[in-house]
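Using our numbering, you'd call the opening residue of the sequence shown number 16 and step up by one each time. Here a beta-carbon is modelled for each residue, glycine too, at the ideal position from N, C-alpha and C. Small disclaimer: the values here were computed from a predicted structure and weren't measured.
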Amino acid sequence: MAININNAGLKNASIDNKSSNRQVQNGGQTGNSASVSQKGGDAVSLTSEAQQLGGLQEKAMNNSGIDQAKVDRIKAEIESGSYKINVEQLASKLAQFESDLFAGGNDE
């Protein structure tokens, strides 16, 4: 099955030099797309979905993936001595980890 990487599944992702240049020259934009023109006459038109995806990608790259509020709460509980460890759950998770670790090595 061939994959079209030029369109990447975007419905309205098209490059149309003449109409995009007119939009930029007129200072207007149509629909939910943004147009950018460069000196060489090339232009790019992005759909609202592509713009939203770009914003989400930037947000994800700026996020560390750590829930700092949860870290602070657990740290405070440990310092105050009120943090409870569920030893059964801990042992179960350790056993599952070791099982997954060693089972993966025997598949060769």
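Which class does Gly119 belong to by DSSP, given the choice of helix, strand or coil?
helix
Sorry if obvious, but does the Cβ on Asn101 come closer than 7 Å to a heavy atom of the ligand ADP?
Looking for the ligand ADP in the displayed structure turns up nothing, as the structure carries no ligands at all.
What would DSSP say about Ser97, mapped onto helix, strand or coil?
coil
Residues bridged to Val86 by DSSP?
In the DSSP output, where bridge partners are listed per residue, Val86 has none listed.
In this structure, how does DSSP classify Ser60 when only helix, strand and coil are distinguished?
strand
Give me the residue from Ala75, Phe117 and Lys99 with the minimum Cα distance to Arg88.
Lys99
Which of helix, strand or coil does DSSP assign to Asn78?
DSSP, read as helix, strand or coil, puts Asn78 in coil.
Between the alpha carbons of Asn101 and Val59, how many angstroms are there, rounded?
Rounded to the nearest angstrom, the two C-alpha atoms are 56 Å apart.
How many angstroms separate the CA atom of Ala65 from the CA atom of Gln72?
10 Å
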